[in-house]
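Chemist: In our numbering, the protein residues as written are 205 to 376.
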């Protein structure tokens, strides 16, 4: 039995949080400097653009790394000889028996994603970790031990790099 832990990417929540956070910082700074005009005057009179950019990076971006743990839920996946148990804090535990898994797709939709499909091509579970990306190949190996799967590899391109999309389908 192995346990895998990671923070799951929730893009809608992350983007919304980042925009709200930046808006809140701008509003707070505008109140401190006497409105948006005062904030603009303070930026214009600051002097060096590099120092201003560095300070803005510290004030705006650094706290996001600490707050990200609050907006990205922690997921724990436990494996044993017959099934996966997926534990999320706010949801009931999800049990997926290995014999329910018909296909395993690694990097199919995006880079660093893992999707498990049942026989009717319905998604059983989708994994997109924010951290701990090395868990996906290990988890695939655990699933592949349970049945015989055929492997197909396709090259996908993202910007100037290529990566492998790997799909394992159960052989009967």
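Each residue gets a CB set at the ideal place from its N, CA and C atoms; glycine is no exception.
Can you tell me whether residue 182 is helix, strand or coil according to DSSP?
Modeler: Outside the modelled stretch of the chain, which goes from 205 to 376, sits residue 182, for which no answer is possible.
Chemist: So, helix, strand or coil for residue 254, using DSSP?
Modeler: In the chain shown, counting from the first residue as 1, residue 254 sits at position 50. Residue state, collapsed to three classes: helix.
Chemist: Just confirm the distance between the C-beta atoms of residue 355 and residue 370, as a whole number of angstroms; I'd bet it's less than 8 Å.
Modeler: Locating residue 355 in the chain shown gives position 151, counting from the first residue. Locating residue 370 in the chain shown gives position 166, counting from the first residue. Rounded, the Cβ-Cβ distance is 7 Å, consistent with contact.
Chemist: Could you tell me the distance, in whole angstroms, from the CA atom of residue 308 to the CA atom of residue 375?
Modeler: By 1-based counting over the chain shown, the position of residue 308 is 104. By 1-based counting over the chain shown, the position of residue 375 is 171. Distance from the CA of residue 308 to the CA of residue 375, rounded to the nearest whole angstrom, comes to 12 Å.
Chemist: Is residue 334 near residue 276, with beta carbons less than 8 Å apart?
Modeler: In the chain shown, the residue the question calls residue 334 occupies position 130. In the chain shown, the residue the question calls residue 276 occupies position 72. Contact flag set, yes.
Chemist: Per the contact definition of three or more C-beta pairs closer than 8 Å, is the stretch 224 to 232 in contact with the stretch 255 to 269?
Modeler: yes
Chemist: Do you know offhand how far residue 274's Cα is from residue 293's?
Modeler: For the purposes of this step, residue 274 is taken as the residue at position 70 of the chain shown. For the purposes of this step, residue 293 is taken as the residue at position 89 of the chain shown. Distance between the alpha carbons of residue 274 and residue 293: 12 Å.
Chemist: What's the call for residue 311, buried or exposed, on a 16-neighbour Cβ count within 10 Å?
Modeler: The residue labelled residue 311 in the question sits at position 107 within the chain shown. So residue 311 ends up on the buried side.
Chemist: Drop a sphere of 10 angstroms on the beta-carbon of residue 247, count the other beta-carbons inside from all chains shown, and report buried for 16 or more, exposed for fewer.
Modeler: As a working note, residue 247 is residue 43 in the chain shown. Its Cβ having fewer than 16 others within 10 Å, residue 247 is exposed.
Chemist: Along the alpha helix (DSSP H) that carries residue 284, what are the first and last residues, could you check?
Modeler: Along the chain shown, one-based indexing puts residue 284 at 80. That residue, residue 284, is in no alpha helix (DSSP H); it is neither H nor E in DSSP.
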